[in-house]
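Notes follow the structure.
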Amino acid sequence: NLQTLDLSWNLSLEELPESIGNLHSLKTLILFQCWSLRKLPESITNLMMLESLNFVGCENLAKLPDGMTRITNLKHLRNDQCRSLKQLPNGFGRWTKLETLSLLMIGDKHSSITELKDLNNLTGELRIECWSHKMDLTTAAKRANWRNKKKLSKLTLLWTIPCSVDDFENVETFLEVLVPPENLEVLEIDGYMGTRFPSWMMKSMESWLPNLVSLDLSNIPNCSCLPPLGHIPYLQSLHLRYMAGVHSMSSEILVKRQKCVLYQSLKELHFEDMPNLETWPTSAATDDRATQPEGS
Numbered sequence: 001n002l003q004t005l006d007l008s009w010n011l012s013l014e015e016l017p018e019s020i021g022n023l024h025s026l027k028t029l030i031l032f033q034c035w036s037l038r039k040l041p042e043s044i045t046n047l048m049m050l051e052s053l054n055f056v057g058c059e060n061l062a063k064l065p066d067g068m069t070r071i072t073n074l075k076h077l078r079n080d081q082c083r084s085l086k087q088l089p090n091g092f093g094r095w096t097k098l099e100t101l102s103l104l105m106i107g108d109k110h111s112s113i114t115e116l117k118d119l120n121n122l123t124g125e126l127r128i129e130c131w132s133h134k135m136d137l138t139t140a141a142k143r144a145n146w147r148n149k150k151k152l153s154k155l156t157l158l159w160t161i162p163c164s165v166d167d168f169e170n171v172e173t174f175l176e177v178l179v180p181p182e183n184l185e186v187l188e189i190d191g192y193m194g195t196r197f198p199s200w201m202m203k204s205m206e207s208w209l210p211n212l213v214s215l216d217l218s219n220i221p222n223c224s225c226l227p228p229l230g231h232i233p234y235l236q237s238l239h240l241r242y243m244a245g246v247h248s249m250s251s252e253i254l255v256k257r258q259k260c261v262l263y264q265s266l267k268e269l270h271f272e273d274m275p276n277l278e279t280w281p282t283s284a285a286t287d288d289r290a291t292q293p294e295g296s
């Protein structure tokens, strides 16, 4: 009748016994920081009552059994800090009760992002790591139904490898269709190699993400123009880092709303390594002065 099994910090544990599949009442399995763990037994797919699986920090865990998609009661999957794990099981979209998914990896196969289609109970934070620029992920990203993930509060998009000029279009079209849910409060984009930001950022970001509180744009070397960010009503924290190509901010929306107060909720503004940024608008009026950011 065991319902919770916590094996955290068992540093010598390389694999679990097949007999773990006999724990039919198990609801919570915690393998936090079991560094040596290399695989999970196939018998784990018998744990039909399992609701929470935590293997954060299992750096040598390379694969999850495909049969795990049978565990349809799974609500929480905490899988970050697992450097050897390259993908989730094929068919993980069957986990329609899933509320917590720490990390989604996208490699040469784009099916993983399509699996998100029916995971509309995802709550809190989601981190997506893109390990390949070769695939055109546009269709897959559209099928993921991002706007229906209304319980997500934080989304992190990370590209982890360099991108050739030939792949710029793939990256740009992917981000173009990946429109986050409107209730999102925190957005982080890191390593984006496109030459332009998507239209949902450039034209009316405050309409698409009206509840955004924090925005972090980092390691984006090829974009020359920032989106107009001054009209996002609840934006409190803005971090802009390592964007050597940026020299200005789009004035399209600023021109249309000359009487609006910019950055009305902003409390924290951080620039780092933006040597070519020339001006920063302090007023929506086009003839008002713009300031040179210090430390850019």
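Position one of the sequence shown corresponds to residue 1 (the UniProt record's numbering), numbered consecutively onward. Don't be surprised by glycine CBs; every beta carbon is placed ideally from N, CA and C.
- Burial state of R78 is buried, judged by a 10 Å Cβ sphere holding 16 or more other Cβ atoms.
- Bridge pairing for K39: E15, K63 [DSSP].
- When R127, L47, I113 are compared, the shortest CA-CA separation from C82 is found for R127.
- Counting only residues of its own chain and dropping the five nearest sequence neighbours on each side, D66 has a CB closer than 8 Å to the CB of P89, N90, G91.
- For M205, the uninterrupted alpha helix (DSSP H) segment begins and ends at 205-208.
- Residue pairing by DSSP puts L269 in a beta bridge opposite L238.
- For the pair T100 and L50, the Cα-to-Cα distance works out to about 14 Å.
- If you draw a straight line from the Cα of P233 to the Cα of K203, it is about 15 Å long.
- In the DSSP secondary-structure assignment, C130 is bridged to I106, W159.
- Unbroken alpha helix (DSSP H) stretches of 4 residues or longer found wholly inside the region 176-226: 199-202, 205-208, given in chain order.
- In the DSSP assignment, R143 falls within the unbroken alpha helix (DSSP H) covering 138-143.
- Taking all protein chains shown into account, K150 has fewer than 16 neighbouring C-beta atoms within 10 Å of its C-beta and is therefore exposed.
- Secondary-structure assignment with DSSP links H76 through a beta bridge to S52, T100.
- Per the C-alpha coordinates, the member of L152, S12, T114, M193 positioned closest to E169 is M193.
- Inter-residue distance for A140 and D118 is about 13 Å (C-alpha atoms, whole angstroms).
- For D6, the beta-bridge partners assigned by DSSP are I30.
- A straight-line Cα-Cα distance of about 21 Å links D167 and L104.
- Looking at the backbone, the Cα of G191 and that of S43 are separated by about 39 Å.
- In this structure, L229 sits away from L187, with a CB-CB distance that is not shorter than 7 Å.
- A Cβ-Cβ separation of about 11 Å leaves L31 out of contact with E15 under the 8 Å criterion.
- Taking the CA atoms as reference points, N22 sits about 7 Å from N46.
- The secondary-structure analysis by DSSP pairs G124 across a beta bridge with L152.
- Ranked by how close their Cα comes to the Cα of E185, the residues I161, P162, S52, S153 have S153 in first place.
- Exposed is the label assigned to G124, since fewer than 16 other Cβ atoms lie within 10 Å of its Cβ.
- CA-to-CA, the gap between W146 and L155 works out to about 11 Å.
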